[in-house]
Each structure stands twice: as structure tokens, then as C-alpha cells.
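Position one of the sequence shown corresponds to residue 82 (the numbering used here), numbered consecutively onward. For glycine and all other residues, C-beta sits at the position ideal for the given N, C-alpha and C.
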Amino acid sequence: MTEETRLKIAKVYELVNRGEAGEKEAAKRALDRLMKRYNIDDSEIERIKEKTYSFKYSLEIDKSLFLELYDFFFPGKEFKPWLSTFGCREIQMKFEYLDYVLFSCAFEYFKQHMNKEYKKIVLPQLKRCRSAKTRNARRAELQQLFFGRYIIASKLYRPEDLTTIDLSKLTQKELADRAKMRGIEGGEYKTQLSTGLYLGDGN
Numbered sequence: 082m083t084e085e086t087r088l089k090i091a092k093v094y095e096l097v098n099r100g101e102a103g104e105k106e107a108a109k110r111a112l113d114r115l116m117k118r119y120n121i122d123d124s125e126i127e128r129i130k131e132k133t134y135s136f137k138y139s140l141e142i143d144k145s146l147f148l149e150l151y152d153f154f155f156p157g158k159e160f161k162p163w164l165s166t167f168g169c170r171e172i173q174m175k176f177e178y179l180d181y182v183l184f185s186c187a188f189e190y191f192k193q194h195m196n197k198e199y200k201k202i203v204l205p206q207l208k209r210c211r212s213a214k215t216r217n218a219r220r221a222e223l224q225q226l227f228f229g230r231y232i233i234a235s236k237l238y239r240p241e242d243l244t245t246i247d248l249s250k251l252t253q254k255e256l257a258d259r260a261k262m263r264g265i266e267g268g269e270y271k272t273q274l275s276t277g278l279y280l281g282d283g284n
């Protein structure tokens, strides 16, 4: 079975489960025909409906963003990524087709937007460090703080995820670092997506 055929079956399967009433009925008939044509059963459909996709990242906070977005879009769903560092930095993850369309578009948007804010807010602070050791230590301090503020600014959280911090217990340095994060602009992801789910000729 070709990859094109596997994707076609996965899309029809998505319509069976997520389409409107009329779409579901037509998709169920189309799926039955495809299963007979390619001699596959329900167990094979379970394997076809998910595919492993790769997502490139550059910064460590990109990995944190990946986890945060997954938890935001799929709360309670098991998280099983694979990290690949052979030749490139990639996160590999299994998704059903429609979930992949939603997640990949959101991840690429927020990754680019977050990296732009990171260069604007954090990099100028790192450039002031004279040694690599100091710069690495400073990066570790600021990245965590930056990421938390960016997630809040982008509204990628649920109310129960927030915790209250007693500012009176923070040092002057910690307060100063927090003040540096005030200029962070959150992402605004409102693009309507085309899922590509339709029944074409030959189904």
C-alpha cells in the first residue's frame, strides 16, 4: 500500500468520526469500499489512522512549547514524543491526520512568533555577558522566565494551571528580570484551517 493510499484512508476515517451527519454516512460507505479494495480489516485501520510526523526545533524552549501546545489542544491525552538529534533537531510524534493539521499549524506559528520575541527580549540581555559560562547560566535563568510569560501572554493555558507568586519573597535581581519581560507580546492564533477532508472521485 502506497503512502498516498494510507493518507487517503486516514482522511476518510477522520470524516467517519468527525464529519457532519451527511458526511459521516458517505465516508462510512467510502471507507467500507476502501477496506474491501485493499483487503484491510479494523486492526489495520487502527494502524493506518495514526502516522509519525516530524517537527523541527532550534531552541530548548521550542521543546517546552511543543509540550505546552499538546497539553493545551489535547488535555489528558497521552504524550509520547521521540527526540532525534542525529543530523538535525527534531521531535517525532504520532498524530491522527486532523489532529496533525491543527497542531502543526499552531506549533509553526507560535514557534516563529516566540523566537521573534525571544530575540527581542532575551538576546540583548545575553549579549551583555562576557564569558560563555556566564552567558549559559544567564540563558537558563531568563529562558524559563521568558517562556512562562510568553505562554500567559499568548493565553495558552487553563486557569487551573496558574499559580500565585509572592513578589515580596523575590530578590531584587529576580524582580529586575521580571521587569525585563514586560514587553513580551503574545501570539494571536486565529487562522481558520482547511483540513483537506473531503471525498474525491474514486472513493
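Considering only residues of the same chain and omitting the five flanking positions on each side of residue i, which have a CB-CB separation below 7 Å?
{"i": "K130", "result": "A91, Y94 and E177"}
{"i": "C169", "result": "K137"}
{"i": "E266", "result": "E198 and A234"}
Taking Cβ to Cβ, would you say residue i is nearer than 8 Å to residue j?
{"i": "Q224", "j": "I142", "result": "yes"}
{"i": "L96", "j": "K89", "result": "no"}
{"i": "F228", "j": "S145", "result": "yes"}
{"i": "L237", "j": "F153", "result": "yes"}
{"i": "I232", "j": "E149", "result": "yes"}
{"i": "F188", "j": "F155", "result": "no"}
{"i": "Y270", "j": "F191", "result": "yes"}
{"i": "R216", "j": "L204", "result": "no"}
{"i": "T86", "j": "Y119", "result": "yes"}
{"i": "A111", "j": "G100", "result": "no"}
{"i": "H300", "j": "G103", "result": "Any answer about residue 300 is impossible in this case: the structure gives the chain only from 82 up to 284."}
Taking the DSSP output, what are the residues bridged to residue i?
{"i": "Y134", "result": "M174"}
{"i": "S165", "result": "E171"}
Going along the chain, which residues of its own chain have a beta-carbon closer than 8 Å to the beta-carbon of residue i, five neighbours each way excluded?
{"i": "G264", "result": "K201 and I202"}
{"i": "K161", "result": "M174 and K175"}
{"i": "L226", "result": "D258, R259 and M262"}
{"i": "R220", "result": "V203 and L207"}
{"i": "D122", "result": "M116"}
{"i": "Y181", "result": "K132 and Y134"}
For residue i, is the beta carbon positioned less than 7 Å from some heavy atom of the ligand PLP?
{"i": "A213", "result": "In the structure shown, the ligand PLP is absent, as is every other ligand, since no ligand is present at all."}
Let me know the secondary structure DSSP gives residue i once reduced to three states.
{"i": "K328", "result": "Here the chain has residues from 82 to 284 only, and residue 328 is not among them."}
{"i": "F227", "result": "helix"}
{"i": "S124", "result": "helix"}
{"i": "F191", "result": "helix"}
{"i": "F154", "result": "helix"}
{"i": "T86", "result": "helix"}
{"i": "S139", "result": "coil"}
{"i": "F160", "result": "coil"}
{"i": "G103", "result": "helix"}
Given residue i, which residues of its chain have a CB within under 6 Å of its CB, disregarding the five upstream and five downstream residues?
{"i": "F147", "result": "I172"}
Quick one: complete alpha helix (DSSP H) runs, 4+ long, within the region 229-278?
-> 253-261
At 3 residues or longer, and completely inside the region 198-227: list those beta strand (DSSP E) runs for me, N to C.
-> none
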